[in-house]
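Numbering (the working numbering), first residue to last: 232 to 424. A virtual CB, placed ideally from N, CA and C, is assigned to each residue, including glycine. It should be emphasised that the depicted structure is a prediction, and the values quoted were computed from it without experimental measurement.
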Amino acid sequence: MTLTRSQFETACKAFVQRKHDWAWVEHTPGFGYIYRTTPLQKRSITSDPHDPADGDPAMALPEPDHLICHQSVVLSPTFQVPTFYFSVYDSTGSPVGLSEIVHTSLLRKHALDGMEVTAFSIGDPTSNFPLLSFGDHPSLGTQCWYLHPCETGPAVEEILAARAETRPEDTARDVEWLEAWFVVLSCVVDVVG
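Here it is as C-alpha coordinates:
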(Lines of atoms letter the chains of each structure in order from A; the text may use other names.)
(Lines give C-alpha, C1' and ligand atoms only; values in the text may rest on other atoms or scores of the structure.)
Protein backbone atom coordinates (compact mmCIF):
# COMPACT_ATOMS: atom_id res chain seq x y z
CA MET A 232 0.00 0.00 0.00
CA THR A 233 1.10 3.52 -0.70
CA LEU A 234 -0.57 6.80 0.19
CA THR A 235 -2.38 9.18 -2.10
CA ARG A 236 -1.79 12.88 -1.54
CA SER A 237 -5.23 13.15 0.07
CA GLN A 238 -4.56 10.19 2.41
CA PHE A 239 -1.17 11.67 3.32
CA GLU A 240 -2.69 15.05 4.14
CA THR A 241 -5.51 13.54 6.22
CA ALA A 242 -3.10 11.28 8.12
CA CYS A 243 -0.65 14.14 8.78
CA LYS A 244 -3.35 16.49 10.03
CA ALA A 245 -4.62 13.81 12.42
CA PHE A 246 -1.04 12.98 13.49
CA VAL A 247 -0.16 16.60 14.39
CA GLN A 248 -3.29 16.79 16.55
CA ARG A 249 -1.65 14.19 18.82
CA LYS A 250 2.02 15.09 18.30
CA HIS A 251 2.15 18.77 19.12
CA ASP A 252 5.84 19.18 18.30
CA TRP A 253 4.93 18.69 14.61
CA ALA A 254 2.85 21.16 12.55
CA TRP A 255 1.05 20.88 9.23
CA VAL A 256 2.34 23.38 6.65
CA GLU A 257 0.20 24.03 3.60
CA HIS A 258 2.70 24.86 0.84
CA THR A 259 0.04 25.30 -1.82
CA PRO A 260 -3.51 23.92 -1.71
CA GLY A 261 -3.25 20.13 -1.72
CA PHE A 262 0.55 20.15 -1.30
CA GLY A 263 1.53 20.26 2.33
CA TYR A 264 3.90 18.58 4.72
CA ILE A 265 4.57 18.27 8.43
CA TYR A 266 7.40 20.20 10.01
CA ARG A 267 9.22 20.73 13.28
CA THR A 268 12.42 22.25 14.63
CA THR A 269 14.34 20.41 17.33
CA PRO A 270 17.70 20.82 19.08
CA LEU A 271 20.43 18.24 18.57
CA GLN A 272 23.25 17.10 20.79
CA LYS A 273 26.72 16.19 19.64
CA ARG A 274 27.77 12.71 20.75
CA SER A 275 30.41 12.79 23.43
CA ILE A 276 33.77 11.46 22.44
CA THR A 277 35.23 9.03 24.94
CA SER A 278 38.35 10.23 26.70
CA ASP A 279 41.73 8.62 26.13
CA PRO A 280 43.41 7.64 29.43
CA HIS A 281 46.78 7.59 27.63
CA ASP A 282 46.49 11.21 26.45
CA PRO A 283 48.36 13.47 28.90
CA ALA A 284 46.27 16.48 27.82
CA ASP A 285 43.02 14.68 28.60
CA GLY A 286 41.44 16.19 31.70
CA ASP A 287 43.65 19.30 31.55
CA PRO A 288 41.33 22.35 31.60
CA ALA A 289 43.90 24.37 29.66
CA MET A 290 43.66 21.86 26.80
CA ALA A 291 39.86 21.63 26.83
CA LEU A 292 38.06 22.50 23.63
CA PRO A 293 35.34 25.15 23.74
CA GLU A 294 31.79 23.93 24.23
CA PRO A 295 30.23 22.87 20.92
CA ASP A 296 27.72 25.10 19.20
CA HIS A 297 24.08 24.49 19.80
CA LEU A 298 22.67 22.69 16.81
CA ILE A 299 19.15 23.11 15.45
CA CYS A 300 17.53 20.58 13.14
CA HIS A 301 14.70 21.54 10.78
CA GLN A 302 12.74 18.39 9.93
CA SER A 303 9.90 17.80 7.52
CA VAL A 304 7.96 14.86 6.18
CA VAL A 305 6.85 15.23 2.57
CA LEU A 306 5.00 12.78 0.34
CA SER A 307 7.29 11.40 -2.37
CA PRO A 308 5.47 11.78 -5.69
CA THR A 309 7.53 8.93 -7.17
CA PHE A 310 7.24 6.33 -4.40
CA GLN A 311 3.93 7.58 -2.88
CA VAL A 312 5.30 7.26 0.67
CA PRO A 313 6.41 9.85 3.22
CA THR A 314 10.01 11.04 2.95
CA PHE A 315 12.05 12.55 5.79
CA TYR A 316 13.94 15.76 4.94
CA PHE A 317 16.18 17.65 7.33
CA SER A 318 18.85 20.31 7.62
CA VAL A 319 21.07 21.10 10.58
CA TYR A 320 22.40 24.53 11.52
CA ASP A 321 24.91 25.71 14.10
CA SER A 322 24.37 28.65 16.47
CA THR A 323 25.43 31.14 13.77
CA GLY A 324 22.82 29.81 11.34
CA SER A 325 25.40 28.12 9.12
CA PRO A 326 24.55 24.71 7.71
CA VAL A 327 26.34 21.74 9.23
CA GLY A 328 27.96 19.19 6.93
CA LEU A 329 27.42 15.46 6.93
CA SER A 330 30.78 14.83 8.60
CA GLU A 331 29.41 16.66 11.67
CA ILE A 332 25.82 15.40 11.40
CA VAL A 333 26.96 11.79 11.83
CA HIS A 334 28.33 12.80 15.25
CA THR A 335 25.03 14.19 16.50
CA SER A 336 22.07 12.59 18.24
CA LEU A 337 19.98 12.71 15.03
CA LEU A 338 21.20 9.54 13.33
CA ARG A 339 21.27 6.29 15.25
CA LYS A 340 24.86 5.16 15.59
CA HIS A 341 24.11 1.48 14.81
CA ALA A 342 22.40 2.49 11.55
CA LEU A 343 25.71 3.82 10.26
CA ASP A 344 27.66 0.60 10.88
CA GLY A 345 29.12 -0.69 7.62
CA MET A 346 27.91 2.34 5.69
CA GLU A 347 30.04 4.39 3.34
CA VAL A 348 29.96 8.08 4.28
CA THR A 349 30.86 10.70 1.67
CA ALA A 350 30.38 14.46 1.68
CA PHE A 351 26.97 14.06 0.03
CA SER A 352 25.56 10.68 1.06
CA ILE A 353 25.53 7.70 3.36
CA GLY A 354 24.90 4.30 1.88
CA ASP A 355 25.60 0.62 1.79
CA PRO A 356 28.35 0.10 -0.80
CA THR A 357 26.39 -2.84 -2.27
CA SER A 358 23.13 -0.89 -2.74
CA ASN A 359 21.98 1.02 -5.82
CA PHE A 360 20.49 3.83 -3.75
CA PRO A 361 22.08 5.63 -0.82
CA LEU A 362 20.32 5.62 2.53
CA LEU A 363 20.84 9.36 2.91
CA SER A 364 21.28 11.88 0.09
CA PHE A 365 21.51 15.62 -0.41
CA GLY A 366 19.03 17.39 -2.67
CA ASP A 367 16.24 19.91 -3.02
CA HIS A 368 13.30 19.93 -0.61
CA PRO A 369 10.32 19.39 -2.94
CA SER A 370 8.16 22.11 -1.36
CA LEU A 371 10.73 24.66 -0.20
CA GLY A 372 13.29 24.32 -2.99
CA THR A 373 16.11 24.52 -0.41
CA GLN A 374 19.01 22.10 -0.14
CA CYS A 375 18.34 19.38 2.46
CA TRP A 376 19.37 15.93 3.50
CA TYR A 377 16.77 13.22 2.95
CA LEU A 378 16.34 9.52 3.58
CA HIS A 379 15.75 7.70 0.33
CA PRO A 380 12.15 6.37 0.29
CA CYS A 381 12.54 3.46 -2.13
CA GLU A 382 12.19 0.60 0.40
CA THR A 383 9.93 2.38 2.87
CA GLY A 384 6.59 1.08 1.60
CA PRO A 385 7.44 -2.63 1.91
CA ALA A 386 8.92 -2.09 5.40
CA VAL A 387 5.75 -0.33 6.59
CA GLU A 388 3.56 -3.02 5.06
CA GLU A 389 5.52 -5.70 6.92
CA ILE A 390 4.79 -3.95 10.23
CA LEU A 391 1.11 -3.53 9.38
CA ALA A 392 0.76 -7.13 8.19
CA ALA A 393 1.84 -8.32 11.62
CA ARG A 394 -1.23 -6.68 13.12
CA ALA A 395 -3.59 -7.12 10.17
CA GLU A 396 -6.41 -8.47 12.34
CA THR A 397 -6.64 -5.16 14.21
CA ARG A 398 -6.29 -2.79 11.25
CA PRO A 399 -8.76 0.07 11.38
CA GLU A 400 -10.53 1.46 8.34
CA ASP A 401 -10.22 4.68 6.33
CA THR A 402 -8.64 7.69 8.08
CA ALA A 403 -7.54 5.70 11.12
CA ARG A 404 -5.81 3.24 8.76
CA ASP A 405 -3.92 6.09 7.08
CA VAL A 406 -2.80 7.45 10.45
CA GLU A 407 -1.70 3.95 11.47
CA TRP A 408 0.27 3.75 8.20
CA LEU A 409 2.01 7.07 8.98
CA GLU A 410 2.77 5.94 12.54
CA ALA A 411 4.23 2.67 11.21
CA TRP A 412 6.35 4.77 8.83
CA PHE A 413 7.70 6.69 11.85
CA VAL A 414 8.60 3.33 13.43
CA VAL A 415 10.62 2.45 10.30
CA LEU A 416 12.21 5.92 10.31
CA SER A 417 13.14 5.61 13.97
CA CYS A 418 15.44 2.70 13.10
CA VAL A 419 17.76 5.28 11.50
CA VAL A 420 16.70 8.64 12.96
CA ASP A 421 16.01 9.63 16.55
CA VAL A 422 12.58 11.15 15.96
CA VAL A 423 11.81 11.30 19.67
CA GLY A 424 14.58 13.87 20.06
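In summary, D355 is exposed, with fewer than 16 beta-carbon neighbours lying within 10 Å of its beta-carbon over all protein chains present. If you draw a straight line from the Cα of F310 to the Cα of S364, it is about 16 Å long.
When C-beta atoms of the region 337-357 are compared with those of the region 242-254, fewer than three pairs fall below 8 Å, so the two segments do not count as touching. Under a 10 Å Cβ-count criterion, H251 is classified as exposed, with fewer than 16 other Cβ atoms of the shown protein chains found around its own Cβ. Taken in chain order, the whole beta strand (DSSP E) runs of length 3 or more contained in the region 334-391 are 352-354, 363-367, 374-378.
Cα atoms of M232 and Y264: separation of roughly 20 Å, rounded to the nearest angstrom. Counting only the Cα atoms, S325 lies some 35 Å from A386. In this structure, the beta-carbon distance from I390 to A411 falls below 7 Å.
Check the Cα spacing between Y320 and each of L338, T268, T357: the tightest is with T268.
In this structure, the alpha-carbon of Q302 lies about 11 Å from that of H368.
The three-state reading of DSSP puts Q302 in strand, counting E and B together. Judged by their CB atoms, T323 and K273 are not nearer to each other than the 7 Å cut-off. In the DSSP assignment, V256 falls within the unbroken beta strand (DSSP E) covering 254-259.
Listed in chain order, the non-local C-beta contacts of G366 below 8 Å within the same chain comprise Q374, C375, Y377, local neighbours out to five positions each way being set aside. In the DSSP assignment, L329 falls within the alpha helix (DSSP H) that extends over 329-332.
In its chain, beyond the 5 residues on either side, S307, F310, V312, T314 have a beta carbon closer than 7 Å to the beta carbon of P380.
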